[in-house]
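Chains as they are written, first to last, in this note's numbering: chain A, 56 to 557; chain B, 55 to 531.
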C-alpha cells in the first residue's frame, strides 16, 4: 500500500465501471463495492502509515511519488501523505461509503447520480494527497461542479437557486485561491529564476514579508469560502438544505474540510509570517461565525437548516483553532475537521432517512418518532449529542482540544474569543435538545407515522459505520492525536521560524 | 535581378514550403472542375469527396514541414506556422463533417466548399506573411468570401442581413488597417516585418499608425469595443458558418496577432501593454455581461467567444514564449470545445430549426449523449477540470500573471466565475428545467458522430496528456 495514486485511480475506475452498467442493481452494487474497497484501501494506507512511523521513519511526507507533468511550467503530479492527509482520506472513505449506502433508494437517473458522487470523491482524494499546488487546485475545482448537478437535479426545495449559489460561491473561492497560488508561484525561485509549485519546496522559500501579506488573504479567504468563513458562509444553509442526502453528507462531511485543510496546509503553512499578522482577523471572524451560527440555528424550524447553520458554527471551531496558532489548537482544528465531518454526515444521513419516511423536515410536524422508528431516532439523537459535545463522542474531544489550545494564548483578546466560543456550546445544547425533544420524543403527531418502517440493512450499516468512527475518536482520542501531532509540529516550526525571521 | 531571384526560388523549395497552400488550391480546383463539368450532382457524394480531400489535406500537414522564406521574404514558414495551419485544417475538417446535416439538401454545396476553402487559403497566406502587403492580400482573401458563405441560408432574410453587416464592417476595418499600414510605410519606408520592429520608436505618428493596425486586428478578433458586428452575424449565419467564424477565422487572426503584432511593438512595450490591458479588461468583462442576457444560443456563444478572445489576449500580453504556447494550446482546446458545442447545436438546428436556450429545456430527456457532449463542451469553455479547457485557461492566466500585474489577473479570474454562471444556466436548462414539449430524439448521422466524438476525445484528453503542450513548446525553442 505504498502507491498513493491508487486512491485516485480506483474511484475513477469505479466511475467508469458505472458507465458500463446495464441496470440499477448493477450500478448500486458497483458503487457500493467500489467504495467499500476504497475504504479498505484507505484503512490499509493508515495501517502502513502507522507501521512506517513506528518503525522510526520521520520523513515529513511518506509514500511520495513524483512525475513530471507540464515540465515547461514545472507542474508535477506529486503526491505524498502525512498524518493529517491520512486522516482526511479515512474521513472521505467513510463518508463516501455511507453516502452510497444511504442513497440506495435513488430512483431517478441512478447512473448519473452515482457517477457524479464518485467523481466528487476522486476530487477529494486527489486534493488530500497532492503536494503540488497545481495538481491540488485541479482536484479542488474537480470537486465543485458535480455538486451543482447533484443539487440541481436531485435536490429539493429551491434547488436551482441553491445549486447556482453554491457553485458560484465555491468557484469564487477557488478563483481567489488561484490568484493566491499564481502569486506564490511567481514569487518562488529554486535556482536560475525557475519557479515551482512544489508545496514542500515553497515552505522553505523565504517569501518576502510584504508579498506574504498580499498573498495570504487570497489563499485564506479563498479556502475559507469552502469552510464557511464568515461572511462567506451564505452558500452553506441553502446548499445543504437543498441537496439530496448523500450530497449534503458529502458537502458538509468532506467538501467543507477541503477548505479547512487548504487554510492549514497551504495558507498558514506557506505564509507563516502573514498568518501571524492576520491571525487576529481570523480569530475574530471565526468567533463571529461560531456565535452567529449558533444563534441563527436557534431560529430554524427545518431539520436540515438546523444542521446546516450548526455546521457554520462548528466549522468556526476549525478556523478558530487555525487562527490561534498554537500547536494544541492546530491539533484541535484537525480533530474538529474529522469529528465534524463524521458527525454532520451522520446527522444529515439521519435527517435524510427520516425525511424519506415522513416527507417532512419541519420540527413542528414531526413527533414521537422514537416509538415507531426507534433505530433511526436513536441515530438522530446520537448525532445530536455528538454535535452538542457530549463527552464520549468525538465532538467533545475536538472542541475541548481547540479550547485548551486557544487558552494558551495569554492575552485578553484571545481569552475573550475563547470564552465566547465556549459559551456557544450552551446555545448548541438548546437547539439540539429542542429539536430532538419535539421531533423524536413526545406524542405521535401524525397518524401516518404509526406505519413507518425502521431502517433497512443499508441504512443500518451506514449509521453503524459512522457511529463506530465517532466513538473510536471520542473514546480513544490519543491515536488520532498521535497521528497528527508531528505534522502540526512541523507547521508550528515554520510559524516559529517566521516569527524569528521578523 | 528580381526575375533571377524568382527563378531560383521556383525550385523544389517552392513546392515544399508552399505545400499547405498548394494542396488547398488543388482541392479548390478539383471542386471547381466538378462544378463546371457538371459531372457529379448528388449532394452526398460531393460531401464525401470533400471530406475525403480535407482529411488527406489534414494528414499531409503532418509530413515534410520545412522552414524557409519565399518571394523575397514576402512569405515565410516554420514548424510553428505549419502547426498553426494544420490546426486550421483540422478545424475546417470537423466543421465540414458537422455541416453534412445542413448541406445534404442544399442547392449549392460545391460553392460552399469553394468559398470556405478560399477563405482558408487567405488565412494561410496571412499566417505566413512576411510583409504587410502579403498580409493584407491574405486578409481580404479571407474576409470577402466569408461574407458570401454567411449568406448561405439563401432564403432567410436574417442571413443576408448578417452578410451585409459583415461585409460592411469588415471593409471598414480593412480601411482603417490600410490607413495604418500606409502611415507605417510613410514613417519607416518599409513594409517588411523583419525590418519594421527596429524602426518603430515612440514617435506619435507611428504609435497612431500602430493603433490603427491594432484596431483592424481587434475588429476581426471582435475584441471590445470593436465587437458590435459579432452577435448579429453569428445569429444570422447558418450554424456551421457561425462555427467557422468563431473558431477558424478567430484562430487565424490570433496566430497572426502572435507572429506580427507582438514583435512589431517590441520597442514600445508600455504603449503596447497599456493598450492590451484596456482591451483585455473590456473584452472579457463586456463579453461576459452581454452573454448573460442572451437567449439565442448562437448569440450566447458569440458573446462567450468574445470573452474567450479576451483570455487569449491575456496570454499574449505576457509577451514571452510561455504566452505564445499557452495561446496556441488554448486555441486547440477552444476548437475542440467550441466545435463540440456547435456540433450539437448544428444537429438540433438542422432538424428542428430551434436555436433558443429555452428550447433546450428538458433536452436531456430524449437526447442523453448529445446533452452530455454539449455540457462537457460548455464546461471546457468555462474552464472546469478535468476538461482541457481548465488547463488552457490556467496556462493563459499563468502566462498573464508572469507580468506581475495582479489587477488584470484578479479581473480575469473573477470573470471566470461570472462566465460560469451563464454556462451553468444552459446546463441547468438542459438537465433540470421542466418543459412540456422537449426536443425530440435527434438522429445524428455518422459524420456528426465522428466529429463530436473527436471533439470529446480532444476535450478530455488534451488536458491530461501534456504531449501536445510540450510539442508546441518545443517548436518555440
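For every residue, glycine included, the Cβ atom is placed at its ideal position computed from N, Cα and C. Everything numeric in this text was worked out from a predicted model, so none of it was measured.
- Taking 7 Å as the cut-off, the beta carbon of residue 338 of chain B is found closer than this to the beta carbon of residue 361 of chain B.
- Taking a Cβ-Cβ cut-off of 7 Å, the neighbours of residue 227 of chain A in chain B comprise 471, given in sequence order.
- By the neighbour-count definition (other C-beta atoms within 10 Å, threshold 16), residue 91 of chain B is an exposed residue.
- Within the stretch 169–196 of chain A, contact with chain B at the beta-carbon level (separation under 7 Å) is assigned to 193 and 196.
- Residue 131 of chain B is bridged by DSSP to B:122.
- Spanning the alpha carbons of residue 81 of chain A and residue 367 of chain A requires a straight line of approximately 37 Å.
- Taking all protein chains in view, the Cβ of residue 320 of chain A is crowded by 16 or more other Cβ atoms within 10 Å, so the residue is classified as buried.
- The shortest CA-to-CA distance from residue 149 of chain A to any of A:394, A:84 and A:476 is the one to A:394.
- Taking the C-beta atoms as reference points, residue 501 of chain B is found nearer than 7 Å to residue 151 of chain B.
- Judged by their CB atoms, residue 235 of chain B and residue 157 of chain B are not nearer to each other than the 7 Å cut-off.
- Within 10 angstroms of the beta-carbon of residue 157 of chain A lie 16 or more other beta-carbons, which makes it buried.
- The Cβ neighbour count for residue 84 of chain A, taken over all protein chains shown within 10 Å, is under 16; the residue is labelled exposed.
- The Cβ of residue 485 of chain B sits closer than 7 Å to at least one Cβ of chain A.
- Proximity of the stretch 154–168 of chain A to the stretch 511–520 of chain A meets the contact definition, three or more beta-carbon pairs being nearer than 8 Å.
- Taken atom to atom, the span from the alpha-carbon of residue 362 of chain A to that of residue 399 of chain A is near 7 Å.
- In the three-state DSSP reduction, residue 124 of chain A falls in the strand class (E or B).
- The Cβ atoms of residue 120 of chain A and residue 134 of chain A sit closer than 7 Å to each other.
- In chain order, 322, 326, 329, 330 and 333 place their CB closer than 7 Å to the CB of residue 271 of chain A, counting only its own chain and leaving out the 5 sequence neighbours on each side.
- Within the model, the alpha-carbon separation for residue 425 of chain A versus residue 422 of chain B is close to 44 Å.
- Cβ neighbours of residue 151 of chain A within its own chain (closer than 6 Å, five residues either side excluded): 90 and 176.
- Not one beta carbon of chain A lies nearer than 7 Å to the beta carbon of residue 492 of chain B.
- Residue environment: residue 161 of chain B is assigned as exposed (fewer than 16 neighbouring CB atoms within 10 Å of its CB, all protein chains considered).
- Taking one beta carbon from each stretch, the stretch 282–298 of chain A and the stretch 200–218 of chain A have 3 or more pairs nearer than 8 Å; the two touch.
- Leaving aside the five residues that flank residue 429 of chain B on each side, the residues in its chain whose CB is nearer than 8 Å to its CB run, in chain order, 481, 484 and 485.
- For residue 215 of chain A, the C-beta contacts it makes with chain B under 7 Å involve 482 and 486, in order along the chain.
- The beta carbon of residue 199 of chain B is closer than 7 Å to those of 169, 172 and 173 in its chain, skipping five residues each way along the sequence.
- Within chain B, the residues whose beta carbon sits less than 8 Å from that of residue 128 of chain A are 376, 449 and 452, listed in sequence order.
- Residue 174 of chain A and residue 201 of chain A have their alpha carbons spaced roughly 7 Å apart.
- Taking a Cβ-Cβ threshold of 8 Å, the residues of chain B close to residue 222 of chain A are 474 and 478, in chain order.
- Considering only A:481, A:505 and A:497, the residue with the shortest C-alpha distance to residue 345 of chain A is A:481.
- Secondary structure note for residue 486 of chain B: it is in no alpha helix (DSSP H), with a DSSP letter that is neither H nor E.
- Per DSSP, reduced to three states, the secondary structure at residue 185 of chain B is strand.
- In the displayed model, residue 410 of chain B falls within a strand according to three-state DSSP.
- Of all alpha-carbon atoms in A:199, A:347 and A:292, the one lying nearest the alpha-carbon of residue 357 of chain A is that of A:292.
- In the three-state reduction of the DSSP assignment, residue 278 of chain B falls in the coil class, being assigned neither a helical nor a strand state.
- With respect to the 7 Å criterion, residue 111 of chain B and residue 136 of chain B are not classified as neighbours on the basis of their beta carbons.
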